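Trainee: Residue numbers (the numbering used here), protein chains in the order written: chain A, 187 to 529; chain B, 187 to 529.
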DNA sequence: CTGTTAGCGCGTTCAA
DNA sequence: TTGAACGCGCTAACAG
């Protein structure tokens, strides 16, 4: 019945109008439900649309209305399981809102991030969701004056109402982890830390240190090895830690990926987890519930946060209210920690 | 010096022209390098752009030129480590080409995928990259008549030059895996298969079966348990397999995630890998090199494939040549397989 | 309820 | 080398 010749040139609204014998505005009204139109014409127009295979041109529409219907999402690594969860949450939060995400990766490189912002602005995104990254705060603040900005994983002061930054108390979570270990009798606890220029990594290190000191155990720099948040650095760091501290009974890794590296290093050295060495990670990656043994880790509700942030910006855009949300870090107790065996 | 008041309304090219005391066309020419413009005016215009904080409106430009500069990328799950790698490759393949990706997830649901396509068309993407999914072939073919289409992970006949589908020989790889196991003396090999409606899963099962039969071992349906490509199904399937087949000495999982589940099930049952049970996965996820023991798996060069596909569509769009690419599946031998111990 | 008229911001003729 | 005028496809204001 309805056959559209695969024409090279897309069909326009005007052509539909001509085909249906009505004016362009009428077609537009039907498309957008802007006004009542007689049923007969509606039918004609719908038939014409079907026959011609008409697809509205989003650019023309955006140009005319001044609304792009898209929100920019700046992530750091499109393949990251960590940010991936947040992206999934954002997608679901945007679903049905009429807005669609425009996702670009910044690769933790400021100039990549700047390019992304430029692309967002030239594409006239109506709001921005930023996952981590290194964009200078003043730039974020300036953006927040132009459109709703929602930031995940960084604490940024956004004076503008309509914008927000959602960050978790990494230091507190790390503090809790170390106390948990201390409570189980561990005294010499190694720490695989993250990059020095990464705020979360620093916060976790600070929590580690503070917990120790609050309990009266001096902080020993030698028990901290710096990694880069990837598996190999965890593996190497662990080898080093074990070699230098034979009496170490637990390792707290600043993220799960490095904990995986640590796990393998221990396996190679013939050390059992948790009997010989307790291990705690951070992030609770999907795979962490299936390592052997399942890894005790700190869960960050990335998907929920992403979802809420998406709903937040939509609420700003549509002038709705949104119930506040206080995400919580949660220590997922699994099987990679055991009480210290007395010597 | 250059202060742009954070005006609500974006600056337009016309305003820049007025500020610089030239005509809009001149500004346009400078922006696009379309023609020679006197140095003095160039300076004035650049100053005006700077002063006003002008950002070109991509919609208006697209409307005028008829080119959107974007390529649609249909993935299935934005948080999937598997497709994530491909997305990363696509990003890098597009980098510097002037095109930017518009990424939407189809969630393996045909109607979500249809919506994504609609959004792509209304956003006038100039090419399409499709990662897996369930879109009917005829629809893909029809799309391929309108624009370059590159498909990953499905073998689809695209008569149109300018389009392509890149798929790996999953059956062959599975065949090789099982032969590898057979060569190591394993005779009762279990298989954790994937969803019945998933072409790759079926191909892997077929390879498993064919390898067995080609070597003179009858295919036993009881040794196959169907999963859903996620960890829990691998765990449960393995428990079931082990309970029903105490003489089984190896498990071939149709993907790594299920293999992780299997690994944990074996751990819970006190079975060692690889001493008591050999285990092989498929996909070679980033984490698979760090499981204990590291998992032998089939690597799919997702990032490379994504990269090449991106370059392919860009080549189509710009009328360049591109060197062909034949991706290869590769069995990554690690430590989760051991020769069968004689009883 | 519907058609006509003006733009939306930009690129691109066509003259000058 | 530059400007004026027109059009890309669509929505919105204004009549009728």
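The beta carbon of each residue, even a glycine, is placed where N, CA and C say it ideally should be. Here the structure is a predicted model, which means the values were calculated and not measured.
#1: Strictly below 7 Å CB to CB, what residues from chain A border residue 478/B?
#2: So which residues of chain B does residue 307/A contact, with C-beta pairs closer than 7 Å?
#3: Report yes or no: is there a C-beta of chain A within less than 7 Å of the C-beta of residue 200/B?
#4: For residue 373/B, which of 353/B, 425/B, 382/B and 464/B has the nearest alpha-carbon?
#5: Would you say residue 437/B faces chain A, with C-beta separation under 7 Å as the test?
#6: Do you know offhand how far residue 356/A's Cα is from residue 406/B's?
#7: Check for me: the alpha helix (DSSP H) holding residue 449/B runs from which residue to which?
#8: Under a three-way DSSP split, which group does residue 191/B fall into?
#9: Should residue 277/A go down as buried or exposed, given a rule of 16 or more other Cβ atoms within 10 Å for buried?
#10: Go through the region 263 to 343 of chain A residue by residue and report every complete run of the alpha helix (DSSP H) that reaches 4 residues or more, in order.
#11: Tell me which residue opens and which closes the alpha helix (DSSP H) that residue 459/B is part of.
#12: Do you know how far the Cα of residue 453/B is from the Cα of residue 433/A?
#13: Does the Cβ of residue 263/B lie closer than 6 Å to at least one heavy atom of the ligand GDP?
#14: Once the 5 residues before and after residue 460/A are set aside, which same chain residues still bring their CB inside 7 Å of it?
#15: Determine the direct distance from the alpha carbon of residue 299/B to that of residue 351/B, and round the result to whole angstroms.
#16: Does residue 382/B pass the burial test, meaning 16 or more other C-beta atoms within 10 Å, or should it be called exposed?
#17: Counting only Cβ pairs nearer than 9 Å, list the residues of chain B close to residue 391/A.
#18: Whose C-beta lies closer than 6 Å to the C-beta of residue 335/B among residues of the same chain, with five residues either side of it excluded?
#19: Measuring alpha carbon to alpha carbon, tell me which residue in 430/B, 456/B, 418/B and 338/B is nearest residue 441/B.
#20: Distance check for residue 245/A and residue 494/A, CA to CA, integer angstroms please.
#21: Within the 7 Å Cβ cut-off, does residue 187/A reach chain B?
#22: Alpha helix (DSSP H) containing residue 368/A: first to last residue?
#23: Once you ignore the five residues that flank residue 499/A on each side, which residues in its own chain have a CB closer than 7 Å to its CB?
#24: Inspect the CB distances between the region 384 to 391 of chain B and the region 357 to 364 of chain B and report whether three or more fall short of 8 Å.
#25: Quick one: list the residues of chain A neighbouring residue 271/B, beta-carbon separation under 8 Å, in chain order.
#26: In the DSSP assignment, find the beta strand (DSSP E) that holds residue 482/A and state where it starts and stops.
#27: Determine the chain A residues that contact residue 277/B at a beta-carbon separation under 8 Å, and present them in chain order.
#28: Pull up the CB-CB distance for residue 275/A and residue 490/A, whole angstroms please, since I reckon it's below 8 Å.
#29: Please name the residue, chosen from 380/A, 425/A, 364/A and 428/A, that lies closest to residue 403/A on a Cα-to-Cα basis.
#30: Are there three or more Cβ pairs, one per stretch, closer than 8 Å when the region 266 to 274 of chain A is compared with the region 229 to 245 of chain A?
#31: When we look at the beta-carbon of residue 469/A and count the other beta-carbons within 10 Å, is it buried (16 or more) or exposed?
#32: Could you name the residues of the region 402 to 417 of chain B whose beta carbon sits closer than 8 Å to any beta carbon of chain A, in the order they occur along the chain?
#33: Report the option in 195/B, 235/B and 196/B whose CA atom is closest to the CA atom of residue 213/B.
#34: Assuming residue 515/B and residue 436/B form a contact by the criterion Cβ under 8 Å, report the distance between their Cβ atoms to the nearest whole angstrom.
#35: Can the beta-carbon of residue 410/A be found closer than 7 Å to that of residue 426/A?
#36: Tell me the rounded alpha-carbon separation between residue 306/A and residue 255/A.
Mentor: On the basis of the data shown:
#1: One-based indexing of the second chain puts residue 478/B at position 292. Residues of chain A passing the Cβ test: 449, 450, 453 and 478.
#2: By one-based count along the first chain, residue 307/A stands at place 121. Taking a Cβ-Cβ cut-off of 7 Å, the neighbours of residue 307/A in chain B comprise 241, given in sequence order.
#3: The residue given as residue 200/B occupies position 14 in the second chain. Using a CB distance cut-off of 7 Å, residue 200/B does not count as an interface residue toward chain A.
#4: Your numbering for residue 373/B matches position 187 in the second chain. If we check each option's Cα against that of residue 373/B, 464/B comes out closest.
#5: For the purposes of this step, residue 437/B is taken as the residue at position 251 of the second chain. Not closer than 7 Å to any Cβ of chain A, the Cβ of residue 437/B fails to qualify, so no.
#6: By one-based count along the first chain, residue 356/A stands at place 170. By one-based count along the second chain, residue 406/B stands at place 220. Rounded to the nearest angstrom, the gap between the Cα atoms of residue 356/A and residue 406/B is 52 Å.
#7: Here residue 449/B is taken as the residue at index 263 of the second chain, counted from 1. From DSSP, the alpha helix (DSSP H) with residue 449/B extends over 442 to 454.
#8: Within the second chain, numbered from 1, the residue matching residue 191/B stands at position 5. In this prediction, residue 191/B scores a pLDDT of 37, lower than 50, which makes its location untrustworthy; the coordinate-derived value is nonetheless stated afterwards. If DSSP states are grouped into helix, strand and coil, residue 191/B belongs with coil.
#9: For the purposes of this step, residue 277/A is taken as residue 91 along the first chain, with counting starting at 1. Residue environment: residue 277/A is assigned as buried (16 or more neighbouring CB atoms within 10 Å of its CB, all protein chains considered).
#10: Within the region 263 to 343 of chain A, the complete alpha helix (DSSP H) segments of 4 residues or longer fall at 267 to 280, 296 to 308 and 323 to 332, listed in chain order.
#11: Taking the second chain and counting its residues from 1, one reaches residue 459/B at position 273. Careful: residue 459/B lies outside any alpha helix (DSSP H) and carries neither H nor E.
#12: Here the question's residue 433/A lines up with position 247 in the first chain. Here the question's residue 453/B lines up with position 267 in the second chain. Near 27 Å, if we compare the C-alpha coordinates of residue 453/B and residue 433/A.
#13: Absence of the ligand GDP from the depicted structure is noted, as is the absence of any ligand whatsoever, leaving it without description.
#14: On the first chain, position 274 is the one that residue 460/A refers to. Excluding residues within five positions, the ones whose Cβ falls inside 7 Å are 479, 521, 522, 523 and 524.
#15: Residue mapping note: residue 351/B aligns to position 165 of the second chain, counting from 1. Residue mapping note: residue 299/B aligns to position 113 of the second chain, counting from 1. For the pair residue 351/B and residue 299/B, the Cα-to-Cα distance works out to about 17 Å.
#16: Here residue 382/B refers to the residue found at position 196 when the second chain is read from its first residue. With fewer than 16 other Cβ atoms within 10 Å, it is exposed.
#17: Taking the first chain and counting its residues from 1, the one referred to as residue 391/A is at position 205. Per Cβ cutoff of 9 Å: no residues; residue 391/A is ~23 Å from chain B at best.
#18: Residue mapping note: residue 335/B aligns to position 149 of the second chain, counting from 1. If you ignore the 5 residues before and after residue 335/B, its C-beta comes within less than 6 Å of the C-beta of 314, 329 and 349, all in its own chain and listed in chain order.
#19: Position 255 of the second chain, counting from 1, holds the residue named residue 441/B. It is 418/B.
#20: Sequence index remark: in the first chain, residue 494/A carries index 308 (1-based). Sequence index remark: in the first chain, residue 245/A carries index 59 (1-based). Taking the CA atoms as reference points, residue 494/A sits about 28 Å from residue 245/A.
#21: Against the first chain, residue 187/A aligns to sequence position 1. Residue placement at residue 187/A is flagged as unreliable, the pLDDT there being 34, under the threshold of 50; the coordinate-derived value follows with that caveat. No - not a single Cβ of chain B is within 7 Å of the one on residue 187/A.
#22: The sequence position of residue 368/A within the first chain is 182, counting from 1. For residue 368/A, the uninterrupted alpha helix (DSSP H) segment begins and ends at 356 to 369.
#23: By one-based count along the first chain, residue 499/A stands at place 313. Same-chain partners within the cutoff: 257, 313, 315, 334 and 336.
#24: As far as the Cβ criterion goes, the region 384 to 391 of chain B touches the region 357 to 364 of chain B, which means the pair count is three or higher.
#25: For this step, residue 271/B is matched to residue 85 along the second chain. By Cβ distance, chain A contributes 265.
#26: Here residue 482/A refers to the residue found at position 296 of the first chain. Per DSSP, residue 482/A lies in no beta strand (DSSP E) and is assigned neither H nor E.
#27: Indexing the second chain from 1 puts residue 277/B at position 91. Here the neighbours are 264 and 291.
#28: Residue 275/A sits at position 89 when you count from the first residue of the first chain. Residue 490/A sits at position 304 when you count from the first residue of the first chain. Rounded, the Cβ-Cβ distance is 6 Å, consistent with contact.
#29: For the purposes of this step, residue 403/A is taken as residue 217 along the first chain, with counting starting at 1. Taking residue 403/A as reference, the option from 380/A, 425/A, 364/A and 428/A with the minimal CA-CA separation is 364/A.
#30: Between the region 266 to 274 of chain A and the region 229 to 245 of chain A there are fewer than three C-beta pairs closer than 8 Å, too few to call the two in contact.
#31: Indexing the first chain from 1 puts residue 469/A at position 283. Residue burial annotation: residue 469/A is buried, with at least 16 other C-beta atoms found within 10 angstroms of its C-beta.
#32: Flagged, chain order: 417.
#33: Along the second chain, one-based indexing puts residue 213/B at 27. Answer by Cα proximity: 235/B.
#34: Here residue 515/B refers to the residue found at position 329 of the second chain. Here residue 436/B refers to the residue found at position 250 of the second chain. Rounded, the Cβ-Cβ distance is 19 Å, inconsistent with contact.
#35: Along the first chain, one-based indexing puts residue 410/A at 224. Along the first chain, one-based indexing puts residue 426/A at 240. Going by beta carbons, residue 410/A and residue 426/A fall outside the 7 Å limit.
#36: Along the first chain, read from residue 1 onward, the residue named residue 306/A stands at position 120. Along the first chain, read from residue 1 onward, the residue named residue 255/A stands at position 69. So the alpha carbons of these two residues sit roughly 12 Å apart.
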